[in-house]
Amino acid sequence: MASSSNDPDSLVTLRFHDFRVERMRHWWTLLGEDDHADIVGIFGKEVDLIPTMEEYAELLQLDSPFSETPVIPIQGPRSNRCLEKYLGLTTAVLRPEIARPEETWRKANISLDLLTKYFSRSAFPAKLARDFIVGKKGWKKFRINAFKIAFAGIFLFPTSAGRIDLGVIPIVFSEGRSIIPAILCETVRSLSYCRRQGEGVPMFCTQLLQLWFCSHLQHFHRLQTPYHFERHTVSQTVQIALPFTGNSRAWALYLLDLPLSGWSWKVTWGPAVWMPWTHCALFDGVPLPGVWGCTGHYPSLALRQFSGVQYPPRLGDLDAVTFDYIPGEDMWRLLFRIEDIWGGRLSGDGPHRGGFARR
Numbered sequence: 001m002a003s004s005s006n007d008p009d010s011l012v013t014l015r016f017h018d019f020r021v022e023r024m025r026h027w028w029t030l031l032g033e034d035d036h037a038d039i040v041g042i043f044g045k046e047v048d049l050i051p052t053m054e055e056y057a058e059l060l061q062l063d064s065p066f067s068e069t070p071v072i073p074i075q076g077p078r079s080n081r082c083l084e085k086y087l088g089l090t091t092a093v094l095r096p097e098i099a100r101p102e103e104t105w106r107k108a109n110i111s112l113d114l115l116t117k118y119f120s121r122s123a124f125p126a127k128l129a130r131d132f133i134v135g136k137k138g139w140k141k142f143r144i145n146a147f148k149i150a151f152a153g154i155f156l157f158p159t160s161a162g163r164i165d166l167g168v169i170p171i172v173f174s175e176g177r178s179i180i181p182a183i184l185c186e187t188v189r190s191l192s193y194c195r196r197q198g199e200g201v202p203m204f205c206t207q208l209l210q211l212w213f214c215s216h217l218q219h220f221h222r223l224q225t226p227y228h229f230e231r232h233t234v235s236q237t238v239q240i241a242l243p244f245t246g247n248s249r250a251w252a253l254y255l256l257d258l259p260l261s262g263w264s265w266k267v268t269w270g271p272a273v274w275m276p277w278t279h280c281a282l283f284d285g286v287p288l289p290g291v292w293g294c295t296g297h298y299p300s301l302a303l304r305q306f307s308g309v310q311y312p313p314r315l316g317d318l319d320a321v322t323f324d325y326i327p328g329e330d331m332w333r334l335l336f337r338i339e340d341i342w343g344g345r346l347s348g349d350g351p352h353r354g355g356f357a358r359r
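Numbering (full-length UniProt numbering), first residue to last: 1 to 359.
Here it is as structure tokens:
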């Protein structure tokens, strides 16, 4: 299982082998406790994937996603200039390392090798001092920045090529803006694409999806503590062994034979009373700007299944907020509209106690 608790080793405890994960684990152990706290403050202490952004924020232990504006792309290239600012490396070092595989706005990316070469170590690499703009000065800060970029590019927003898209930089370093819409956006977009194509490489945090899925099995739910107003499904779920050990085929057979009574969708880890945002003044849902595109999110569809709202949302405006980031006047016009829509966010008719429930 995957996890992201306060235990640094559990950050990348996965059920599959990935050499990048092992390198990130080693890098994490080289960082000090102060560095850990700084990094955790950006990405959250508890991670899980849930249907609404409020629940996402609760498990990430971040502020409400609606207390901040989402990260919305601004005009400007994903170039070596951003990396110079956050990594302190010279243009001569960075320029050859940036790959632009296609002529779209998502074109700039780097390898994990570049970051680990200069920053996955306990002390400043004196032999590489000439590759830094100001030498050793500020290296500790740049090392933390490099880990944040690597974590976002490898785990939260992975690419099919296994490289780190520079579009994660504004996600990581945009102070006062919420990263939750972007995480949820790319999950929805990637799952939708794979479903339409019948195949594909998921370009989202699959570990979060796996953890969310397993945490809703009754096997885990019964062994957790649903009697508190708040509980953290991540830290509790990862300490519970699976009901069996097996390959993907064994998993499939287990789930096919699982009766409805074996599932639990009750949200018991949320606040006693919470009011989810359901729509915006100019849109019947919530637009989600991501790293590579934008999509629409309709929390009221889920609420309606559990009698949370009476009427279904209008889906006619979905096309207006569903698009890939391809540079041009249309892209920027649509993004300006997304920001306007977020300015008129509204909540549902009233608070919902105890979250959703389906047995």
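Using N, Cα and C, we set each Cβ at its ideal position, and we do this for glycine too. As the structure is a prediction and not an experimental result, all values here were calculated from the model.
Candidates the options, of which the one nearest residue i by Cα
i    : options                : result
K117 : K137, R100, A146, I133 : A146
L83  : S192, I341, K148       : K148
R130 : S111, I183, G88        : G88
V168 : L94, Y193, A152        : A152
I338 : E329, P287, Y86        : P287
F283 : P96, I110, L318, S192  : L318
I154 : I183, L112, I144       : L112
C185 : P202, Q197, G198       : P202
S174 : R143, D34, P259, Y86   : Y86
K141 : D330, A99, D34, R100   : D34
I183 : T206, Q197, G198       : T206
Buried or exposed (CB count within 10 angstroms, at least 16 for buried), residue i
i    : result
S120 : buried
F336 : exposed
T91  : exposed
D165 : buried
R163 : buried
A108 : buried
G270 : Confidence is the limiting factor: at G270 the pLDDT is only 49, short of 50, which leaves the residue's position unreliable and the question unanswerable from this model.
I74  : exposed
P181 : buried
V172 : buried
A150 : buried
G296 : buried
R143 : buried
A250 : exposed
W342 : buried
Residues near residue i by beta carbon distance below 8 angstroms, same chain, minus five either side
i    : result
G138 : G88
I133 : E84, G88, L89, T90
G200 : S190, Y193, C194
E97  : I110, S111, L114
E329 : none
Beta-carbon contacts of residue i that lie in its chain and below 7 angstroms, excluding the five residues immediately before and after
i    : result
S122 : L30
R177 : E68, T69, P70, V71
T322 : C294, T295, G296
G135 : A129
A126 : none
F124 : K136, W139
Beta-ladder partner(s) of residue i, from DSSP
i           : result
T29         : T29 pairs with nothing; no bridge assigned.
G290        : Note: G290 sits in no beta bridge, so no partner.
G296        : P287
R177        : T69
N145        : According to DSSP, N145 bridges with nothing at all.
A99         : N109
residue 378 : Residue numbering for the chain in the displayed model covers 1 to 359; residue 378 lies beyond these limits and cannot be assessed.
L89         : F132
D324        : G293
Sequence-distant residues of the same chain with beta carbon closer than 6 angstroms to residue i, five excluded per side
i    : result
D340 : none
R195 : none
T187 : F204
L258 : none
A99  : N109
I179 : I171
Y227 : Summary for Y227: the model assigns pLDDT 43, below 50, so the residue's position carries little reliability, and this model does not support an answer.
Distance cut-off 7 angstroms: residue i Cβ against heavy atoms of the ligand ZN
i    : result
L288 : Within the structure as shown, the ligand ZN is missing, as the structure has no ligands at all.
inquiry  = Taking 8 angstroms as the cut-off, does the region 154-170 touch the region 278-292 (at least 3 CB pairs, one atom from each stretch)?
reply    = yes
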